[in-house]
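Only one structure is covered here, and it is reproduced in the block below.
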Amino acid sequence: MRMKYVLSEVLVGLWRNVTMTIAMIITMAVSLTMLGASGLIYTKVADMKELYFENIQVSIFLKADITEDQRADLATRLEADPLVSQVTYVNKDEAFQRFQEMFRDSPDLLSAVKADQLPESYRLNLVDPQEYKAISEQYAAVEGVDQIVDQSQVLDKIFNLFTAGQNIALVAAIAMAIAALLLVANTIQVAAYSKRREVAVMKLVGASNWFIQAPFVLEAVVAGLVGSVLGLGALIALKTFLFDGALSALQGLFAPVTWGEVLLTFPLMAGVGGLISAVTAWVTLRFYLRV
Amino acid sequence: MIQLEQVTKTYPKASRPSLDNVSVSIDKGEFVFFIGPSGSGKSTIIKMLLHEVTPNKGRVVVNGKDVTSMRSWKRPHFRRSIGCVFQDFRLLPNRTAYENVAFALEVIGKTKAVARRVVPEVLELVGLGGKEHRYPHELSGGEQQRVAVARAFVNRPLILLADEPTGNLDPDTSIEIMRLLDRINRTGTTVVMVTHDSNIVNQMRRRVIEIESGRIVRDQARGVYG
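Top line first, the protein sequences correspond to chains A and B.
With the first letter of the first sequence counted as 1, position 97 gets the number 101 in our numbering; the numbers rise by one all the way through.
With the first letter of the second sequence counted as 1, position 187 gets the number 189 in our numbering; the numbers rise by one all the way through.
This is the structure in structure tokens:
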């Protein structure tokens with residue numbers, strides 16, 4: 005009986021103030037979408053870092069006038085180096101092949117570059133990609149070495165971009181969360197005001213505090229949960245239309261976002277949405293009803 | 003049943019205390035009037051008995067429970083042993099007489115079956131038999147106050163507090179309400195009533211405690227308004 009009473013009060017409460025309820029749900033949904041997106045970017049960046057850094061290479065380009073001795077000397081030093089896990093030698097022909105492959109869509113560029121213009125190089129896989137600096141310091145001054153290029157520096161720039169995107173989503177999520185929070189507080193105040201007579205009688209005859217508060221708190225929680233469901237819908241739409249749709253050309257660049265990962269953000273969104281709503285409603289009631 | 007021991011209450015920002023070293027003892031089954039001019043501190047006593055206000059000094063004991071040190075989360079349960087009637091009835095306008103009384107039972111966890119058994123009984127007792135399904139606006143002031151009394155009494159409280167219950171009623175209706183409160187008193191319920199109504203006090207000839215500026219100036223066993 006009491007559960008039925010509480011639940012019917014929740015529905016009546018949500019319906020009585022339906023414009024406010026909708027506003028509350030939409031803000032909550034946008035905020036939670038941002039939160040979910042930020043969470044996804046976070047896990048993706050972690051995944052991609054692992055993936056990319058595993059294959060990352062440091063290239064040591066050699067001078068055109070390097071002697072056989074110098075090169076053999078460098079090769080033995082590299083192979084003996086404990087920081088280096090693998091060494092590959094790329095000669096001029098191979099470099100030219102790679103170049104042709106990479107720029108096969110730009111014939112002008114291809115015709116401008118001749119095979120012997122490209123430098124020979126050693127491609128190193130490092131035991132720990134972070135040790136790039138040590139390699140660079142050790143070999144930059146060695147005779148015959150022209151230039152040392154570390155891919156991880158380029159990658160870091162890309163990852164910084166992702167992290168910035170994640171932070172923007174997070175800031176937007178927090179800003180929207182504050183708006184949602186204020187809306188919840190306001191909605192609960194209006195709801196409590198419209199039921200002030202009932203609440204006064206309940207307090208008078210000794211209804212327990214949880215019984216007085218439950219319909220209001222649940223009202224907010226329901227709105228929060230509906231918001232998180234909409235947020236999940238938005239993320240599914242984002243994956244379908246943006247990631248798998250418009251941005252599908254870039255898919256090789258990113259670690260793929262799976263449906264499982266999208267669905268896994270739901271507990272996060274529902275938990276945060278429900279909890280924020282419940283706490284806000286409860287605190288509002290403490291101030292407003294003094295129960 | 004009710005003890006106030008040297009109770010002093012000063013509201014924040016008030017220049018003088020609302021209650022100044024007040025001591026009163028009320029036994030089980032008594033019928034007591036608190037009289038005095040507006041602002042004398044009568045309503046503060048009612049609020050204290052309901053644990054709405056706590057004293058700055060002294061001790062308040064109701065039903066053997068020390069209200070002074072009671073934690074606020076215990077208040078709901080404590081309230082269930084006290085019935086309350088007010089000048090403005092405080093009925094829910096969108097509920098019938100029956101529903102108003104049943105609401106008070108249901109929100110403290112009683113089942114609908116209990117309400118179906120008890121509510122008609124208590125409505126009969128207050129003289130509203132046959133009018134269970136009227137809404138407050140379809141009832142006269144006196145009848146509305148009867149619903150309020152029924153709501154206060156349905157849970158068989160040990161104490162009934164009445165804060166100017168006849169303040170909005172004409173003299174004849176007031177007397178009917180007083181008869182009702184008298185009948186409830188005879189069931190063994192302690193009745194504490196705050197009033198301005200000299201007529202009623204003079205007719206009832208019950209214990210009268212007069213308060214002025216927060217002090218008790220008279221406590222008379224079978225008193226008149228004076």
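We treat Cβ as the ideally placed atom computed from N, Cα and C, and that holds for glycine.
Next item on the list: Would you grab the beta carbon distance between Ser232 of chain A and Gly277 of chain A for me? Rounded to a whole angstrom, and I think it's under 8 angstroms.
Entry: 4 angstroms
Next item on the list: Put Arg294 of chain A into one of helix, strand or coil per three-state DSSP.
Entry: coil
Next item on the list: Within its chain, find whatever has a CB closer than 7 angstroms to the CB of Ser212 of chain A; leave out the 5 residues flanking it on each side and keep chain order.
Entry: none
Next item on the list: Would you check if there are 3 or more beta carbon pairs closer than 8 angstroms linking the segment 44–63 of chain B to the segment 91–105 of chain B?
Entry: no
Checklist line | DSSP state of Arg108 of chain A mapped onto helix, strand, coil | finding: coil
Margin query: Tell me which residues of the segment 207–224 of chain A have at least one Cβ-Cβ distance to chain B shorter than 9 angstroms, keeping chain order.
Written below: Lys207, Leu208, Val209, Gly210, Ala211, Ser212, Asn213, Phe215 and Ile216
Item checked: Three-state secondary structure (DSSP) of Met195 of chain B -> strand
Item checked: Opposing strand residues paired with Ser125 of chain A [DSSP bridges] -> A:Phe65 and A:Val94
Item checked: Residues of the segment 65–78 of chain B with Cβ closer than 9 angstroms to any Cβ of chain A, in chain order -> Ser74, Trp75, Arg77 and Pro78
Margin query: Below 8 angstroms on C-beta distance, what does Glu101 of chain B contact in chain A?
Written below: Within 8 angstroms Cβ-Cβ: nothing; Glu101 of chain B doesn't reach chain A, min ~11 angstroms.
Check: Rounded to the nearest angstrom, how far is the Cβ of Ile37 of chain B from that of Val203 of chain B, given a contact under 8 angstroms?
Finding: Ile37 of chain B to Val203 of chain B, Cβ: 6 angstroms. Contact.
Next item on the list: In the DSSP assignment, find the unbroken beta strand (DSSP E) run with Asp22 of chain B in it and report its ends.
Entry: Looking at the DSSP string, the run of the beta strand (DSSP E) that includes Asp22 of chain B is Leu21 to Ile28.
Notebook entry, point to check: For a contact meaning CB atoms closer than 9 angstroms, what does Val205 of chain A contact in chain B?
Noted result: Arg92, Leu93, Leu94, Asn102, Phe105, Ala106, Val109 and Arg153
Check: Thinking C-beta only, is Thr25 of chain A closer than 7 angstroms to Leu18 of chain A?
Finding: Closer than 7 angstroms, so yes.
Check: Mind checking Tyr143 of chain A: buried by the 16 CB within 10 Å criterion, or exposed?
Finding: buried
Note to self: What does the Cβ neighbour count give for Asn96 of chain B, buried or exposed, with the cut at 16 atoms within 10 Å?
What the structure shows: exposed
Margin query: Closer than 9 angstroms between beta carbons: that is the criterion. Which residues of the segment 186–205 of chain A meet it against chain B?
Written below: Arg201, Glu202, Ala204 and Val205
Checklist line | Cβ-based burial, Val219 of chain B [other Cβ within 10 Å; buried from 16] | finding: exposed
Check: Considering only the beta carbon of each residue, do Lys44 of chain B and Ile213 of chain B sit closer than 7 angstroms?
Finding: Yes, they are a contact pair.
Note to self: Applying the 10 Å Cβ sphere with the 16-neighbour rule, what's the burial state of Met106 of chain A?
What the structure shows: exposed
Note to self: I'd like the span of the beta strand (DSSP E) that includes Phe88 of chain B, first residue to last.
What the structure shows: Ile84 to Phe88
Margin query: Counting only beta-carbon separations shorter than 7 angstroms, does Arg97 of chain B have a partner in chain A?
Written below: With 7 angstroms as the cut-off, Arg97 of chain B does not count as an interface residue toward chain A.
Check: At a CB-CB cut-off below 9 angstroms, which residues of chain B make contact with Tyr9 of chain A?
Finding: Here the neighbours are Glu108 and Val109.
Next item on the list: May I have the straight-line CA-CA distance separating Phe33 of chain B from Arg209 of chain B, to the nearest angstrom?
Entry: 7 angstroms
Note to self: Based on DSSP bridge pairs, tell me the residues matched to Phe36 of chain B.
What the structure shows: Beta-bridge pairing links Phe36 of chain B to B:Val196 and B:Ile211.
Notebook entry, point to check: Arg82 of chain B CB to nearest chain A CB: under 7 angstroms?
Noted result: yes
Check: To which residues of the same chain is Arg224 of chain B closer than 6 angstroms at the C-beta, ignoring the five residues directly before and after it?
Finding: In chain order, Arg207 place their CB closer than 6 angstroms to the CB of Arg224 of chain B, counting only its own chain and leaving out the 5 sequence neighbours on each side.
Margin query: Taking the alpha-carbon of Ala176 of chain A as reference, which of A:Thr23, A:Met32, A:Met7 and A:Arg6 has the nearest alpha-carbon?
Written below: A:Met32
Check: Hey, out of A:Ala41, A:Lys48 and A:Val91, whose CA is closest to Ile64 of chain A's CA?
Finding: A:Val91
Check: Who pairs with Lys59 of chain B in a beta bridge, going by DSSP?
Finding: B:Thr10
Checklist line | Counterpart residues of Val88 of chain A in DSSP-defined beta bridges | finding: Note: Val88 of chain A sits in a beta bridge opposite A:Leu130.
Next item on the list: With hydrogens ignored, establish whether the beta-carbon of Ile280 of chain A is closer than 6 angstroms to any heavy atom of the ligand NAD.
Entry: Among the components of this structure there are no ligands whatsoever, and the ligand NAD is therefore not found.
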